[in-house]
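*Asks:* For reference, the structure I am asking about is given below.
Number of protein chains: 2
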Amino acid sequence: TSVSRGIAAGIRHYCKNTPTKLRVSQALSGAELGSNIKVQGWVRSVRAQKANVFLHVNDGSSLQSLQVVASSELSDPLLTFGSAVEVTGILKKSPHQKQPVELDAKQINVVGECNPVDFPFKIKERHGLEYIRQFPHLRCRTNAFSSLLRIRSEATAAIHSYFKDNGFVEINTPIITSNDCEGAGELFQVEPSGPDYADGENFFSVPAYLTVSGQLHLEVVSGAFSKVYTFGPTFRAENSQSRRHLAEFYMVEAEISFTQSLEDLTKVMEDMFRFATEHVLAHCVEDVDLFHKHVTPGHRDTVDAMIKNSFPVITYREAIDILRRSSERFAFPTDWGCDLKTEHEKYLVKHCGNIPVFVTDYPYDLKPFYARDNQDHPERTAAAVDLLVPGVGELCGGSLREERLNLLSARLEEYLDLRRFGSVPHGGFGLGFERYLQCILGVDNIKDVVPFPRFSHSCLL
Amino acid sequence: TSVSRGIAAGIRHYCKNTPTKLRVSQALSGAELGSNIKVQGWVRSVRAQKANVFLHVNDGSSLQSLQVVASSELSDPLLTFGSAVEVTGILKKSPHQKQPVELDAKQINVVGECNPVDFPFKIKERHGLEYIRQFPHLRCRTNAFSSLLRIRSEATAAIHSYFKDNGFVEINTPIITSNDCEGAGELFQVEPSGPDYADGENFFSVPAYLTVSGQLHLEVVSGAFSKVYTFGPTFRAENSQSRRHLAEFYMVEAEISFTQSLEDLTKVMEDMFRFATEHVLAHCVEDVDLFHKHVTPGHRDTVDAMIKNSFPVITYREAIDILRRSSERFAFPTDWGCDLKTEHEKYLVKHCGNIPVFVTDYPYDLKPFYARDNQDHPERTAAAVDLLVPGVGELCGGSLREERLNLLSARLEEYLDLRRFGSVPHGGFGLGFERYLQCILGVDNIKDVVPFPRFSHSCLL
Numbered sequence: 001t002s003v004s005r006g007i008a009a010g011i012r013h014y015c016k017n018t019p020t021k022l023r024v025s026q027a028l029s030g031a032e033l034g035s036n037i038k039v040q041g042w043v044r045s046v047r048a049q050k051a052n053v054f055l056h057v058n059d060g061s062s063l064q065s066l067q068v069v070a071s072s073e074l075s076d077p078l079l080t081f082g083s084a085v086e087v088t089g090i091l092k093k094s095p096h097q098k099q100p101v102e103l104d105a106k107q108i109n110v111v112g113e114c115n116p117v118d119f120p121f122k123i124k125e126r127h128g129l130e131y132i133r134q135f136p137h138l139r140c141r142t143n144a145f146s147s148l149l150r151i152r153s154e155a156t157a158a159i160h161s162y163f164k165d166n167g168f169v170e171i172n173t174p175i176i177t178s179n180d181c182e183g184a185g186e187l188f189q190v191e192p193s194g195p196d197y198a199d200g201e202n203f204f205s206v207p208a209y210l211t212v213s214g215q216l217h218l219e220v221v222s223g224a225f226s227k228v229y230t231f232g233p234t235f236r237a238e239n240s241q242s243r244r245h246l247a248e249f250y251m252v253e254a255e256i257s258f259t260q261s262l263e264d265l266t267k268v269m270e271d272m273f274r275f276a277t278e279h280v281l282a283h284c285v286e287d288v289d290l291f292h293k294h295v296t297p298g299h300r301d302t303v304d305a306m307i308k309n310s311f312p313v314i315t316y317r318e319a320i321d322i323l324r325r326s327s328e329r330f331a332f333p334t335d336w337g338c339d340l341k342t343e344h345e346k347y348l349v350k351h352c353g354n355i356p357v358f359v360t361d362y363p364y365d366l367k368p369f370y371a372r373d374n375q376d377h378p379e380r381t382a383a384a385v386d387l388l389v390p391g392v393g394e395l396c397g398g399s400l401r402e403e404r405l406n407l408l409s410a411r412l413e414e415y416l417d418l419r420r421f422g423s424v425p426h427g428g429f430g431l432g433f434e435r436y437l438q439c440i441l442g443v444d445n446i447k448d449v450v451p452f453p454r455f456s457h458s459c460l461l
Numbered sequence: 001t002s003v004s005r006g007i008a009a010g011i012r013h014y015c016k017n018t019p020t021k022l023r024v025s026q027a028l029s030g031a032e033l034g035s036n037i038k039v040q041g042w043v044r045s046v047r048a049q050k051a052n053v054f055l056h057v058n059d060g061s062s063l064q065s066l067q068v069v070a071s072s073e074l075s076d077p078l079l080t081f082g083s084a085v086e087v088t089g090i091l092k093k094s095p096h097q098k099q100p101v102e103l104d105a106k107q108i109n110v111v112g113e114c115n116p117v118d119f120p121f122k123i124k125e126r127h128g129l130e131y132i133r134q135f136p137h138l139r140c141r142t143n144a145f146s147s148l149l150r151i152r153s154e155a156t157a158a159i160h161s162y163f164k165d166n167g168f169v170e171i172n173t174p175i176i177t178s179n180d181c182e183g184a185g186e187l188f189q190v191e192p193s194g195p196d197y198a199d200g201e202n203f204f205s206v207p208a209y210l211t212v213s214g215q216l217h218l219e220v221v222s223g224a225f226s227k228v229y230t231f232g233p234t235f236r237a238e239n240s241q242s243r244r245h246l247a248e249f250y251m252v253e254a255e256i257s258f259t260q261s262l263e264d265l266t267k268v269m270e271d272m273f274r275f276a277t278e279h280v281l282a283h284c285v286e287d288v289d290l291f292h293k294h295v296t297p298g299h300r301d302t303v304d305a306m307i308k309n310s311f312p313v314i315t316y317r318e319a320i321d322i323l324r325r326s327s328e329r330f331a332f333p334t335d336w337g338c339d340l341k342t343e344h345e346k347y348l349v350k351h352c353g354n355i356p357v358f359v360t361d362y363p364y365d366l367k368p369f370y371a372r373d374n375q376d377h378p379e380r381t382a383a384a385v386d387l388l389v390p391g392v393g394e395l396c397g398g399s400l401r402e403e404r405l406n407l408l409s410a411r412l413e414e415y416l417d418l419r420r421f422g423s424v425p426h427g428g429f430g431l432g433f434e435r436y437l438q439c440i441l442g443v444d445n446i447k448d449v450v451p452f453p454r455f456s457h458s459c460l461l
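Chains as they are written, first to last, in UniProt numbering: chain A, 1 to 461; chain B, 1 to 461.
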């Protein structure tokens, strides 16, 4: 008896010579048809007929389950939806179109029971994202959320691949930091808990915070590396219950030395977006289909339009003109100098054909101290760019950095040192990874694209 | 004039047909010999001769620099060690053995000056790791630390590859958590800073901490996925200045469902170690050589022995016997039931031939509540395993998890729920990534293998 190596890898193996696109899970890889194998997983469906019981066993390696056929004698009242089983049997060609192989069970062992009355998910029911969100410790056992987790894993890998293939070095920027990059003020402070540290002295000798951006640390390294990036958790102590904000979220940030213009940045943002999206569509076919067909029907057309068209670039000035010419009534003002709000961003995206759009050259006063001054009096703009996307609004924000020591009014001594010793023109950007997943899957609430969401008044598990 | 695409990729291109193993950086990829190109980077050496100036320009893509040859007229007093330059010139075959190509400069532009008197690193000096550690914002500009960052990036990619290739799904376990996985007590607490939150109410409604391990969250997901892993930052509020501890460090953690025995875990640990190490040795040849030849001479033999030999497995009982038979005087006791200290771990590694060794089946009372009870009275051990490695001691710790509801005395309601609904035998482990880098590079101090070290009384930048 050879032990399961994964249903997904397994079925893929048998699909090579079949017209079907099915992929399943971990038991089968390399096993010959007719051989005796052991499969392990969770029961996703049970169907009893006169002589036989049909099970679908899933091991998380794909959405697809392996069909198990057992004679009624092997039936067991513990064989319920959600229970964990080990099945030994003979691998056979399936007579059904739906799957290339099935398992003719010789022995079924229920390793973990699952009482269907207590279990919050019911067989054959399609529970909504909002319902399953109530069970953070169990929701990965639903089809939708297990698909989400596989997509998230694959999208992460795709983003790393994009950067590696393009010569970027990954830098682990710190989570705990003594500086406040954005000056935004919405910081979490970090101190040891417990009585040993109640003397009021800081553990790090200085107040320490959770990072809001790895940018300053990337800038340090981009003084010796032309291309660097980081991809990790970032924090905001925002007291909001928005569908677009979390207290802990993942950000992709890149920094590129010797940049000539904002085009050097927008090219990387657009290429990365397209590469990651095409990769996910190609490698998570069934998982993405589940979202595009059942969770957010109709969204596939939006995604196809996003990857087929190149992203338009408009200046902030042009954006303001578009907004002011529009017949739409906005809640917030649209004068030159006003920040673009979500309502404006969504309008601009629609105006441009419901595809991602770059907005460049924002008023200098709207952007942080490190954005490069365009010195274009009287308006005075900064060489900054945001990428706005359908359904989400702002996905990326970037800028050329002010590399000129005399123009930089920051007070950080180290930041000034970086300009003192071999300073170069550079720029970078950040992308909100959860918003990216919302964008490609059409998921409305950011809490549904992260394994364990953290927001004000909620930190479950 | 085509613009640089990276000296490393470039020189690799020209090395294809040369016997040399040299790899350089970002300017050259695809450019024909004799064509006009632009190269951007930092000056790593300047040497003036009568008619010519020789520069080495590095862009961080590899240790190797591109040699630039310029007529003395192009010389400039600002062309100093550490300055940033843009060089335009003709790519030529180099007459020297050391490099396949060189750049015949037509124009040199100093983009960023670097005053060699103020700059803390001096040309041609080999600064020690301890010296450069004083300059966290500049040390990436040294050869040693830029090599370290490339190795770290490559090792990270190798570990992700290992897991992806073996069917593991990556799960982003949360940084902020309301539980204390290890019960160790050395926790950082997280609360918003600033006056808005001074009312004593918790932001998350419950006390929230920085994670000490993603294990419990991986266990949640391993109720639907046979193989999952996480790779990210982890935290300990340890008030120590040890060479092996940081307040913020990276951990690789994996969880495998349907495990039969500790062998299922040790196989993954050993395979991953070997895969990552062989990958780094093959892909970072010059960077690793710099460490093995100049920073930690002699360490290469240790590394070669580690990947050539399979890792021995001894029980805790055997380990205690070895320690008690030894003639060495230990500071800590070696009775059955005592925890293994660093001195013991290092002795055991030496005893086994200075290669990594697994120690299994520790006393039940030494291991956390989730370790599986071996029920082997009267000794009572737990199915737990540590991997001890040369120079570092404990690198990995893992265990089978107690999947039996009636034996599990934890108080976490969710943790019990996981056993209630389709519980399966499972197990997992964690590996300290910085210790792994120490181990393969022979670096004594953990602060030298992380871009921005955090420890008690220190949180620079």
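Glycine residues also receive a C-beta, built at the ideal position from the N, C-alpha and C atoms.
This structure is a prediction, so every number in the text was calculated from the model and none was measured.
1. Using beta-carbon positions only, say whether Pro233/B and Met306/B come within less than 9 Å of one another.
2. Tell me the residue span of the alpha helix (DSSP H) that contains Asn166/B.
3. Along chain B, in chain order, which residues have C-beta atoms closer than 8 Å to that of Pro368/A?
4. Between the C-alpha atoms of Ala84/B and Trp42/B, what's the straight-line distance to the nearest angstrom?
5. Thinking Tyr370/B and Arg380/B are a contact (beta carbons under 8 Å), I'd like their distance in whole angstroms, please.
6. Quick one: which chain A residues come within Cβ less than 9 Å of Leu210/B?
7. Given Glu113/B, which residues of its chain have a CB within under 7 Å of its CB, disregarding the five upstream and five downstream residues?
8. Check the Cβ-Cβ distances between Pro100/B and every residue of chain A, and say whether any is below 9 Å.
9. Using a Cβ cut-off of 9 Å (strictly closer), state whether Cys284/A contacts chain B.
10. Looking at the secondary structure, which residues open and close the alpha helix (DSSP H) in which Lys267/A lies?
11. If you drop the 5 nearest sequence neighbours on each side, which residues of the same chain put their C-beta closer than 8 Å to that of Val268/B?
12. From what residue to what residue does the alpha helix (DSSP H) around Phe433/A run?
13. Determine the direct distance from the alpha carbon of Thr259/B to that of Ser399/A, and round the result to whole angstroms.
14. For chain B, check one thing: does any of its Cβ atoms lie closer than 9 Å to the Cβ of Trp42/A?
15. Given a cut-off of 9 Å on the beta-carbon distance, is the pair Glu32/B and Val68/B in contact?
16. Which residues in chain A have a C-beta closer than 8 Å to the C-beta of Ser146/B? List them in chain order.
17. For Asn115/B, which of Lys124/B, His127/B and Thr80/B has the nearest alpha-carbon?
18. In or out: Gln375/A buried (at least 16 other Cβ within 10 Å) or exposed?
19. List the DSSP bridge partners of Gln189/B.
20. If we cut at 9 Å on Cβ distances, does Pro77/A have a partner in chain B?
21. With 16 as the cutoff for other CB atoms within 10 Å, does Glu263/A come out buried or exposed?
22. Cβ of Glu248/B within 9 Å of Cβ of Pro174/A?
23. Taking the beta strand (DSSP E) that Asp361/B belongs to, which residues open and close that run?
24. If contacts are defined as beta-carbon pairs under 8 Å, then Asp335/B and Leu366/B qualify, I think. What distance do you get, rounded to the angstrom?
25. Which term fits Val450/B, buried or exposed, when burial requires 16 or more other beta carbons within 10 angstroms of its beta carbon?
26. Check the Cβ of Ile256/A against every Cβ in chain D and list those closer than 7 Å, keeping chain order.
27. Who does residue 464/B pair with in a DSSP beta bridge?
28. Skipping 5 residues on each side, what residues in its chain have a beta carbon closer than 6 Å to that of Ser205/A?
29. Could you tell me which of Leu129/B, Leu74/B, Arg126/B and Lys122/B sits nearest to Ile108/B, measuring between CA atoms?
30. Mapping DSSP to helix, strand and coil, what is Thr381/A?
31. According to DSSP, what are the bridge partners of Gln67/B?
32. Answer yes if the region 86-104 of chain B comes into contact with the region 120-140 of chain B, meaning at least three C-beta pairs across the two stretches below 8 Å, and no otherwise.
33. Using DSSP with H/G/I as helix, E/B as strand and the rest coil, what is Val288/A?
34. Going by C-alpha distance, which of Glu343/B, Glu191/B and Arg329/B is nearest Phe235/A?
35. Would you list, in chain order, the members of the region 157-175 of chain A that have their beta-carbon closer than 8 Å to a beta-carbon of chain B?
36. Check this for me: beta carbons of Ser178/A and Leu461/B, under 9 Å apart or not?
*Replies:* For this structure:
1. no
2. Element bounds for Asn166/B: n/a, residue is neither H nor E.
3. Chain B residues near Pro368/A: none, gap ~17 Å exceeds 8 Å.
4. 4 Å
5. Actually they do not touch by this definition, with Cβ atoms about 16 Å apart.
6. Ile175, Ile176, Val190 and Leu210
7. Leu78 and Ser83
8. no
9. no
10. Leu262 to His283
11. Asn166, Ala254, Ile256 and Phe429
12. Phe433 to Leu441
13. 49 Å
14. yes
15. no
16. Ala224 and Phe225
17. Thr80/B
18. exposed
19. Glu191/A and Tyr209/B
20. no
21. exposed
22. yes
23. Val357 to Pro363
24. Not confirmed; about 12 Å, so no contact.
25. buried
26. Of the chains in the structure shown, none is chain D; the protein chains are A and B.
27. This structure gives no information on residue 464/B, because the portion of chain B shown stretches from 1 to 461.
28. none
29. Leu74/B
30. strand
31. His56/B
32. no
33. helix
34. Glu191/B
35. Ala157, His160, Lys164, Gly167, Val169, Glu170, Ile171, Asn172, Thr173, Pro174 and Ile175
36. yes
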